[in-house]
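Structure, as structure tokens:
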Amino acid sequence: MASSPFDGQWIGTDGVAVSTLRNGTFESRSVQTGEQLTSGTYGVRDQSTIDLDFYSIKSQKRTTAACLLVSRNQMNCTLASGTRFVLNRRQA
9 MASSPFDGQW IGTDGVAVST LRNGTFESRS VQTGEQLTSG TYGVRDQSTI DLDFYSIKSQ
69 KRTTAACLLV SRNQMNCTLA SGTRFVLNRR QA
């Protein structure tokens, strides 16, 4: 089975965390320390949209976000709170 276009490592434009999406699982880790920041899952809504459902270890809260794949290397995401963020594919 081929991997989805969402799978891989993504980094926020703030450079704080690297998020890894693979086979329906989602986690993010601090770029500086490697400490796990979030853990969760994602579901593919359609060929360009995923829904994240994750737990923030720091805030101890579960939240959701929707991410739109706008190019092979960029996703625009919106948290349930309305906060927007951009993830760029991390190059190996």
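For the sequence shown, my numbering gives the first residue as 9, with consecutive numbering after it.
Cβ coordinates follow ideal geometry from the N, Cα and C atoms, glycine included.
Predicted model, so just to flag it, every value in this text is computed and none were measured.
Check                                                                                   : Outcome
Assigned secondary structure, asparagine 96 (DSSP; H/G/I helix, E/B strand, else coil)  : strand
Opposing strand residues paired with aspartate 54 [DSSP bridges]                        : Thr57
Contact under 7 Å by Cβ, leucine 77 with serine 64                                      : no
Helix, strand or coil at threonine 21 according to DSSP, with G and I counted as helix  : coil
Beta-carbon gap between arginine 53 and aspartate 61 smaller than 7 Å                   : no
Rounded straight-line distance, which links the Cα of cysteine 85 to that of alanine 73 : 6 Å
For threonine 33, the three-state DSSP class (helix, strand or coil)                    : strand
Inter-residue CB distance, serine 38 and leucine 95 (contact presumed, cutoff 8 Å)      : So it is not a contact: roughly 15 Å between Cβ atoms.
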